[in-house]
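Residue numbers (the working numbering): 12 to 354.
Just so you know, even glycine gets a beta-carbon here, dropped at the ideal spot from N, CA and C.
What follows is a set of notes on a single structure, which appears directly below.
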Amino acid sequence: MMKTDKSFTEDKDFIFIDKFKDPVLVEFKEGQIHRVRPYKESLVGNIYLGRVDHRVPQLKAYFLDLGQGQRGFLQEDLDLAKGDLVLVQVAKDAYSKKYPGLKTDLSIPGDRLVYFPQGKKLYYSLKNKKTLKKIWQKAKNDLPPGGWLIRTGAQDPKRDLEEAKDLYQVWQKFLQEEKLSPKAKCLYHKNQVPKGQRVYTNDPDLARERGWTHVEDSLYHMEDYRKDLEELNKVQVPLEGGSLIRIEKTAALTSIDVDSSQGPDQGLTPEEINILAAKKASQQILRRDLRGMLVIDFITCDQDKKKDLEKILEEAFQEDPQAILYGFSPMGLYELVRKRKEK
12 MMKTDKSFTE
22 DKDFIFIDKF
32 KDPVLVEFKE
42 GQIHRVRPYK
52 ESLVGNIYLG
62 RVDHRVPQLK
72 AYFLDLGQGQ
82 RGFLQEDLDL
92 AKGDLVLVQV
102 AKDAYSKKYP
112 GLKTDLSIPG
122 DRLVYFPQGK
132 KLYYSLKNKK
142 TLKKIWQKAK
152 NDLPPGGWLI
162 RTGAQDPKRD
172 LEEAKDLYQV
182 WQKFLQEEKL
192 SPKAKCLYHK
202 NQVPKGQRVY
212 TNDPDLARER
222 GWTHVEDSLY
232 HMEDYRKDLE
242 ELNKVQVPLE
252 GGSLIRIEKT
262 AALTSIDVDS
272 SQGPDQGLTP
282 EEINILAAKK
292 ASQQILRRDL
302 RGMLVIDFIT
312 CDQDKKKDLE
322 KILEEAFQED
332 PQAILYGFSP
342 MGLYELVRKR
352 KEK
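Next up, the structure:
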């Protein structure tokens with residue numbers, strides 16, 4: 012049954028999927044907009060029982076029927092014929108006129124473990140590798156056959172071995188489907204929203220399908236959020252005191268220029284304008300989910316002031332796993348990279 016809620020303003024950390032114009036996913040942290048990006052269901056991680064529809068011998072590749080009108084492309088040196096069923100996982104989403112890219116080397120994620128049915132090795136999270144190896148020294152021998160990734164949260168082997176058994180049983184069910192099923196279909200749908208994250212949407216069909224909370228209105232109709240959302244489409248973003256930053260995207264990079272020549276003079280020093288610009292630029296990068304190479308052209312300042320700006324930006328991106336901060340270049344431009352997503 013679809014849940015309906017007219018108010019979500021008491022929540023602090025949540026996601027809102029807005030279907031006002033083009034669907035967007037708005038991520039809130041501490042009650043403020045943190046990130047906005049186009050909402051499109053990714054198929055990456057989904058596992059299908061696919062049926063070979065067409066073989067391309069020259070490329071050692073296959074086009075597969077994935078069920079419900081979906082198709083995928085598998086390029087592996089396998090001995091398959093038209094009509095054969097095969098277990099596959101989506102590695103890349105569809106792009107332009109290309110079908111989703113598939114692979115047969117599957118991974119089944121749990122909360123604290125990841126199972127690789129065709130694997131043989133044991134891996135540990137790099138964040139806590141030494142501790143995990145010590146904790147799992149004996150318990151690793153009780154893991155079901157296959158490859159395993161021990162995540163940082165797997166601190167209780169007795170508990171986590173139960174999850175391992177559950178993941179192994181999921182794999183056994185997949186194998187049974189492969190043997191008995193007469194048709195192609197999706198066997199596992201990877202949830203694109205973090206587990207436990209509360210989600211609101213004004214799309215009743217999506218709310219009903221996913222079990223999310225339905226909200227009747229759009230964020231674009233709400234005074235508290237409309238200004239912030241409109242700002243994300245502008246090249247020029249104002250700063251306090253009358254200055255602004257100019258955000259321009261090219262094929263090679265995104266440039267952010269700090270412009271103090273616009274608007275009334277509020278008596279701010281170049282250092283104060285740079286601090287405002289650093290905070291606003293990092294906010295806009297995250298909210299717009301800008302990817303690839305980014306450069307920020309601050310007002311010229313000395314080395315000590317540059318360190319202050321670097322500290323502000325380091326704090327802004329400290330919880331962003333996509334960001335790599337390179338700091339100021341010899342030309343005086345602040346450089347960073349946010350890894351691009353697979354298309």
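Notebook entry, point to check: Quick one, are the C-beta atoms of valine 252 and isoleucine 284 less than 8 angstroms apart?
Noted result: The identity of residue 252 in the sequence shown is glycine, whereas the question assumes valine. Cβ atoms of glycine 252 and isoleucine 284: closer than 8 angstroms.
Notebook entry, point to check: Counting along the chain, where does the alpha helix (DSSP H) carrying tyrosine 378 start and finish?
Noted result: One cannot answer for residue 378 here, as it falls past the ends of the chain, which runs 12 to 354.
Notebook entry, point to check: Expressed to the nearest angstrom, what Euclidean distance is found between the alpha-carbon atoms of arginine 221 and histidine 200?
Noted result: 11 angstroms
Checklist line | Same chain, Cβ closer than 6 angstroms to phenylalanine 25, neighbours up to 5 away in sequence not counted | finding: Phe39, Arg209
Checklist line | CA nearest to the CA of lysine 114, picked from Tyr59, Gly94, Lys318 | finding: Tyr59
Next item on the list: Consult DSSP for proline 193 and reduce its assignment to one of helix, strand or coil.
Entry: coil
Checklist line | Other residues of its chain near glycine 78: CB distance less than 6 angstroms, five sequence neighbours each side excluded | finding: Ala195, Lys196
Item checked: 7 angstroms Cβ shell around valine 248 - same chain, five flanking residues per side excluded -> Glu242, Leu255, Ile256, Ile258, Lys291, Gln295
Margin query: Using 8 angstroms as the threshold, is the C-beta distance between leucine 346 and tyrosine 337 below it?
Written below: Reading the sequence as shown, one finds glutamate at residue 346 and not leucine. Taking 8 angstroms as the Cβ cut-off, glutamate 346 and tyrosine 337 qualify as a contacting pair.
Checklist line | Straight-line gap, methionine 13 to aspartate 228 (C-alpha atoms, nearest Å) | finding: At methionine 13 the pLDDT is 42, less than 50, meaning the model places this residue with poor confidence and gives no usable figure here.
Check: Can we say the segment 30-49 touches the segment 65-75, given the rule of at least three CB pairs closer than 8 angstroms?
Finding: no
Notebook entry, point to check: By Cβ distance, which residues of its chain are closer than 7 angstroms to glutamate 321, with the 5 residues on each side in sequence left out?
Noted result: Gly338
Notebook entry, point to check: How would you label proline 49, buried or exposed, when you count the other beta carbons within 10 angstroms and need 16 or more for buried?
Noted result: exposed
Note to self: Please state the DSSP three-state secondary structure of arginine 209.
What the structure shows: coil
Next item on the list: Could you pull the start and end residues of the alpha helix (DSSP H) that aspartate 270 belongs to?
Entry: Careful: aspartate 270 lies outside any alpha helix (DSSP H), inside the beta strand (DSSP E) at 265-270.
Margin query: With the cut-off set at 8 angstroms, would you say tyrosine 211 and phenylalanine 27 are in Cβ contact?
Written below: yes
Note to self: So, under 8 angstroms CB-CB, glycine 83 and valine 99 are touching, yes? Tell me the CB distance rounded to an integer number of Å.
What the structure shows: 7 angstroms
Note to self: Threshold first: 3 residues or longer. Then list the beta strand (DSSP E) segments lying entirely within the segment 247-323, N to C.
What the structure shows: 247-249, 255-260, 265-270, 303-308
Next item on the list: Mind checking which residues open and close the alpha helix (DSSP H) that includes glutamate 38?
Entry: Counting along the chain, glutamate 38 falls outside any alpha helix (DSSP H), though it belongs to the beta strand (DSSP E) covering 35-40.
Notebook entry, point to check: So what does DSSP say about proline 168, is it helix, strand or coil?
Noted result: helix
Margin query: Is the separation between the beta-carbon of alanine 334 and that of arginine 351 shorter than 8 angstroms?
Written below: no
Item checked: 6 angstroms Cβ shell around threonine 15 - same chain, five flanking residues per side excluded -> Annotation note: pLDDT 46 at threonine 15 (below 50); position unreliable, coordinate value reported separately. Closer than 6 angstroms at Cβ, skipping near neighbours: His225.
Check: For glutamate 346, which three-state DSSP category applies?
Finding: strand
Notebook entry, point to check: Where does the unbroken alpha helix (DSSP H) through proline 215 begin, and where does it stop?
Noted result: 215-221
Margin query: Please classify arginine 219 as buried or exposed, where buried requires at least 16 other C-beta atoms within 10 Å of its C-beta.
Written below: exposed
Check: What are the start and end residues of the alpha helix (DSSP H) that includes lysine 140?
Finding: 140-146
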